[in-house]
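First the structure, in the form of structure tokens, and then the observations on it.
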Amino acid sequence: MKKLYFLFLFLGAIFCGFSTLKAVDVENVIAHCNRGNMTACSILGDLYYVADGVPQDYGKAARFWRLACDLKEMNACYNLGVLYQEGQGVSRDFDRSLELYTMACNAEHAGACLNLAFLYHQGKGVARDEAKARGFYTTACDGNKAEACYSLGNLMFYGRGGAVDYPKAHDLYMKACELDHDDACDNVGVMYAKGEGIPKDYDKAREFFTRICADNKAGACYNLGILYDYGWGVEQSYPRAIELYTKSCDMHHLKACYNLGIMYNKGYGVDVDFYKALGLYTKSCNLKHANACYNLGAMYYQGEGVRINTMIGDEYLSRACALGDKKSCSKDGEVVSKKVEQEVIHTESNLNNNEITETIIDTESIEVRNK
């Protein structure tokens, strides 16, 4: 973790002239903590957590944050909750984490509300309850937590924990985007491209996709590639689509790799190259894209870029079948040969929506006082 510096607005002359914790007489801070100064106790927890001027010690961080929390310093309660959630310096205890987040959230600590929403959203230590998650995300979003606005937007978009509400999802994605959340910006672009809850506007979609693709977001580059592939709001350009699919595929976006495979398989904007198509389908299949596995099976059946090998073809068809592609569950060679010409006509036109994150929602799990 990068070094963090802290602003001291208390304890008078003890901290006067010092800009970092390294310059602080830790014993004096401890003395003030022992006399019941909650901010001193909280700062000691910060100090030991980030190892700025003292050895890193999660146990001591927990001890001082606990003292500060007992004195109703809510940021310390929040940080202590993170330690219990992660099992850092204390035994992992979701019940205790939930209790601490609830206390801090009730005092309008946005980070605590965000992590509380995460626990209910993912069912971590509590019964999964996306309706409750909506409520806590709302409070955290009101506190300008970008991840909360984004995740709440996803719940609204997919109708989880309540009704589908595209206009509200759009507003939430926009707020998160304005708070520099790239996935939210990408989702705004998707909504404009599809006209979901808002008027369809390819120009606006392109603006959002272009902005976020420049930040090397695979989904946005894939989505921008779709616009150029199909000529939606832009002059149709296979070369530009290939460039964007390639960039996205290099970042392991399975649909981009699949679409790029189609381009080489069918010669859209490039010469037909079965070997490249085979490699791209393989990458996408390994990322669990059912149609890519199916196309690999078909190539082995037809001998496109490889020698005919129905055994290997059957293996790929079985993988595609297991991934939910029903047409792959029939392993009749003649059927496969006919179907590949029917099914692999053009690239996927499904724009990528970013799903809800599965990790701890708060980007900066521990919140310390910045200089």
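When the letters of the sequence shown are read in order and numbered with mature numbering (1 follows the signal peptide of the UniProt record, and there is no 0), they come out as residues -23 to -1, 1 to 348.
Just so you know, even glycine gets a beta-carbon here, dropped at the ideal spot from N, CA and C.
Note that the structure is a prediction, hence the values are computed from the model and not measured.
C-beta contact flag for residue i and residue j at 8 Å
i           : j           : result
residue 45  : residue 91  : no
residue 61  : residue 41  : no
residue 255 : residue 262 : no
residue 57  : residue 75  : no
residue 197 : residue 163 : yes
residue 257 : residue 245 : no
residue 223 : residue 237 : yes
residue 267 : residue 301 : yes
residue 17  : residue 27  : no
residue 97  : residue 110 : yes
residue 231 : residue 265 : yes
residue 276 : residue 282 : yes
Residue i to residue j span [Cα, whole Å]
i           : j           : result
residue 210 : residue 66  : 54 Å
residue 50  : residue 207 : 56 Å
residue 213 : residue 93  : 46 Å
residue 39  : residue 73  : 13 Å
residue 204 : residue 233 : 13 Å
residue 54  : residue 114 : 19 Å
residue 137 : residue 216 : 39 Å
residue 130 : residue 278 : 44 Å
residue 133 : residue 119 : 16 Å
residue 122 : residue 161 : 12 Å
residue 106 : residue 135 : 15 Å
residue 253 : residue 221 : 16 Å
residue 103 : residue 247 : 53 Å
residue 150 : residue 229 : 24 Å
residue 11  : residue 127 : 41 Å
residue 251 : residue 239 : 10 Å
residue -1  : residue 30  : Only weak support exists for where residue -1 lies, its pLDDT of 48 falling under 50; the value from the coordinates is given anyway. C-alpha separation (whole angstroms): 8 Å.
residue 249 : residue 202 : 19 Å
residue 200 : residue 108 : 30 Å
residue 71  : residue 187 : 41 Å
residue 139 : residue 190 : 32 Å
residue 89  : residue 23  : 17 Å
residue 269 : residue 235 : 6 Å
residue 146 : residue 99  : 20 Å
residue 142 : residue 37  : 46 Å
residue 4   : residue 185 : 52 Å
residue 52  : residue 33  : 19 Å
residue 144 : residue 95  : 23 Å
residue 43  : residue 20  : 12 Å
residue 280 : residue 293 : 14 Å
residue 178 : residue 168 : 9 Å
Outcome for residue i when other beta-carbon atoms lying within 10 angstroms are tallied against a minimum of 16
i           : result
residue 2   : exposed
residue 180 : exposed
residue 303 : exposed
residue 306 : exposed
residue 183 : buried
residue 285 : exposed
residue 192 : exposed
residue 296 : buried
residue 166 : buried
residue 170 : buried
residue 218 : buried
residue 299 : exposed
residue 318 : Per-residue confidence for residue 318 stands at a pLDDT of 38, beneath the threshold of 50, marking its modelled position as unreliable; the derived number appears in the next sentence. Classification of residue 318: exposed, given that the 10 Å Cβ count is below 16.
residue 225 : buried
residue 68  : exposed
Whole-number beta carbon distance between residue j and residue i, since they are thought to touch under 8 Å
i          : j          : result
residue 48 : residue 15 : 4 Å
The ligand NAP heavy atom lying under 7 Å from the CB of residue i
i           : result
residue 142 : The model depicted lacks the ligand NAP and carries no ligand whatsoever.
Legend entry - At least three beta-carbon pairs within less than 8 Å, the region 172 to 179 to the region 149 to 163: no
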